[in-house]
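Have a look at the structure below before the remarks.
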Amino acid sequence: MASRGTTAAGGAGRRLGERVYEALRRDLAAGVIVPTERLREERLAENYGVSRTPVREALARLQADGLVQRLADGLYPYRPRLRELDQLFELRILLEARGIERLGATGHDRDLVGAELAVWRRLRDDPPAPGPALVAADEQFHTALLAAAGNQALTEALAAVYTRVRPVRTLDLPTPERIAAMTAEHIGIAERVLDGDPDHALRALLAHLDSARTHALARARQALELTKLGRAMRD
Numbered sequence: 003m004a005s006r007g008t009t010a011a012g013g014a015g016r017r018l019g020e021r022v023y024e025a026l027r028r029d030l031a032a033g034v035i036v037p038t039e040r041l042r043e044e045r046l047a048e049n050y051g052v053s054r055t056p057v058r059e060a061l062a063r064l065q066a067d068g069l070v071q072r073l074a075d076g077l078y079p080y081r082p083r084l085r086e087l088d089q090l091f092e093l094r095i096l097l098e099a100r101g102i103e104r105l106g107a108t109g110h111d112r113d114l115v116g117a118e119l120a121v122w123r124r125l126r127d128d129p130p131a132p133g134p135a136l137v138a139a140d141e142q143f144h145t146a147l148l149a150a151a152g153n154q155a156l157t158e159a160l161a162a163v164y165t166r167v168r169p170v171r172t173l174d175l176p177t178p179e180r181i182a183a184m185t186a187e188h189i190g191i192a193e194r195v196l197d198g199d200p201d202h203a204l205r206a207l208l209a210h211l212d213s214a215r216t217h218a219l220a221r222a223r224q225a226l227e228l229t230k231l232g233r234a235m236r237d
């Protein structure tokens with residue numbers, strides 16, 4: 003029979019492992035950890051002020067989550083291939099389109115949609131700078147819109163998609179013109195939802211998401227070409 007001290011130590015160890023897992027997951031998603039950098043247990047343990055054991059456990063969980071991948075020389079942050087990135091955007095479109103359909107069929111949480119409309123009207127008047135905060139605000143808009151449809155499973159699935167594409171999006175800094183277009187599109191979608199016009203809301207949403215998909219894939223292809231060019235050059 004385990005002693006009280008052993009049980010307490012085990013509980014503390016689990017809490018520490020959970021803390022490291024959440025911290026690593028957050029840093030991977032936010033792009034804090036360089037995507038091309040090998041995830042060395044020793045360095046991560048030093049960064050998070052823990053031993054290697056909770057780091058090892060956290061990395062195993064993150065690999066199961068699909069956020070860490072094992073290559074020939076060790077573990078690395080997950081980086082989608084172009085085909086995978088395209089598939090993740092396709093999944094995002096399916097999830098969000100289903101949310102709009104549910105809004106039209108079952109009604110919606112007006113408070114959630116109204117709050118996001120107010121946020122983006124303020125951002126129209128005071129445009130945000132490109133970076134992680136803008137990405138977070140964009141994700142919050144789409145997540146709230148889906149949450150308003152009343153299906154938690156759809157919302158959780160969308161959050162999982164965002165986690166996998168967030169590092170790519172965070173590193174792509176949009177121009178002021180693109181930020182203005184995104185803001186206007188968000189406002190238009192929310193207004194149509196609140197006006198009880200799901201058909202036009204769906205068309206606006208699909209156009210918005212298709213534009214985001216096209217842009218993300220074009221930027222990813224450009225980054226790959228620049229990488230190839232860099233490998234062909236010498237100092």
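With positions in the sequence shown counted from 1, the corresponding number in the working numbering is that position plus 2.
We treat Cβ as the ideally placed atom computed from N, Cα and C, and that holds for glycine.
In this text the structure is predicted, and so the values were computed from the model without any measurement.
Checklist entry - How big is the Cα-Cα spacing for valine 52 and alanine 60? => result Going by the C-alpha atoms only, they are around 12 Å apart.
Item to check | C-beta atoms of proline 129 and proline 176 nearer than 7 Å | outcome: Contact flag unset, no.
Item to check | Where glycine 76 sits in the DSSP three-state scheme | outcome: Judged by DSSP in its simplified three-state form, glycine 76 adopts strand.
Next on the checklist: Given a cut-off of 7 Å on the beta-carbon distance, is the pair glycine 101 and leucine 148 in contact?
Outcome noted: A contact, by the Cβ cut-off of 7 Å.
Checklist entry - DSSP state of valine 2, grouped into three classes? => result The structure shown has nothing for residue 2, since the chain only spans 3 to 237.
Checklist entry - Taking DSSP as the reference, what is the three-state secondary structure of threonine 55? => result The answer is helix: DSSP assigns threonine 55 an H, G or I state.
Item to check | Cα-Cα separation between methionine 235 and glutamate 227, rounded to whole angstroms | outcome: In this prediction, methionine 235 has a pLDDT of 48, which is less than 50 and means its spatial position is unreliable; nothing more can be read from the coordinates.
Next on the checklist: Let me make sure I understand the geometry here. Which of Arg17, Leu46 and Asp88 has the alpha-carbon closest to that of arginine 166?
Outcome noted: Taking only the C-alpha atoms, the option nearest arginine 166 is Asp88.
Item to check | Run of the alpha helix (DSSP H) containing arginine 123, from where it starts to where it stops | outcome: 112 to 127 is the extent of the alpha helix (DSSP H) around arginine 123.
Checklist entry - Do arginine 58 and glutamate 43 have their CB atoms nearer than 7 Å? => result In this structure, arginine 58 lies near glutamate 43, with their beta-carbon atoms less than 7 Å apart.
Checklist entry - glycine 232 to leucine 30, Cα distance in whole Å? => result Only weak support exists for where glycine 232 lies, its pLDDT of 49 falling under 50; the coordinates are left without a value.
Next on the checklist: Measuring only the C-alpha atoms, how far is alanine 192 from glutamate 118?
Outcome noted: If you take the alpha carbons of alanine 192 and glutamate 118, they lie about 8 Å apart.
Checklist entry - Rounded to a whole number of angstroms, what is the C-alpha to C-alpha distance between threonine 8 and asparagine 49? => result Since pLDDT at threonine 8 reaches only 49, below the 50 mark, its modelled position is unreliable, and no value is offered.
Item to check | Span separating the alpha-carbon of proline 178 from that of threonine 55 | outcome: Rounded to whole angstroms, proline 178 to threonine 55 spans 45 Å at the Cα level.
Checklist entry - For glycine 152, does the three-state DSSP call read helix, strand or coil? => result Of the three classes helix, strand and coil, the one that applies to glycine 152 here is coil, per DSSP.
Item to check | Contacting residues, own chain, Cβ-Cβ under 8 Å from arginine 223 (five flanking each side not counted) | outcome: So the list reads Leu84, once near-sequence residues are dropped.
Item to check | Whole-Å CB distance - isoleucine 181 paired with arginine 123, under 8 Å assumed | outcome: Distance from isoleucine 181 to arginine 123 at the Cβ level is roughly 14 Å; contact not present, criterion being Cβ atoms closer than 8 Å.
Checklist entry - What distance in whole Å lies between the Cβ atoms of arginine 215 and alanine 91, which are believed to be in contact at a cut-off of 8 Å? => result First, the residue type needs correcting, since residue 91 is phenylalanine and not alanine in the sequence shown. Rounded to whole angstroms, the Cβ separation of phenylalanine 91 and arginine 215 is 4 Å, and the two are in contact under 8 Å.
Checklist entry - Ends of the alpha helix (DSSP H) at aspartate 1? => result The shown model of the chain, from 3 to 237, leaves out residue 1, and the question about it has no answer.
Checklist entry - Exposed or buried, what is aspartate 201 when buried is set at 16 or more other beta-carbons lying within 10 Å of its beta-carbon? => result Burial call: exposed.
Checklist entry - Which residue comes first and which comes last in the alpha helix (DSSP H) that contains isoleucine 189? => result For isoleucine 189, the enclosing alpha helix (DSSP H) begins and ends at 178 to 196.
Item to check | Neighbourhood of glutamine 71 by C-beta distance below 8 Å, restricted to the same chain and skipping five residues each side | outcome: Exclusion of the five residues before and after glutamine 71 leaves Gln65, Leu77, Tyr78, Pro79, Tyr80 and Arg81 as the residues of its chain whose Cβ lies within less than 8 Å of its Cβ.
Checklist entry - Skipping 5 residues on each side, what residues in its chain have a beta carbon closer than 8 Å to that of leucine 196? => result Within the same chain, Cβ atoms closer than 8 Å to the Cβ of leucine 196 are found at Arg112, Val115, Gly116 and Leu119, the five residues on either side in sequence being excluded.
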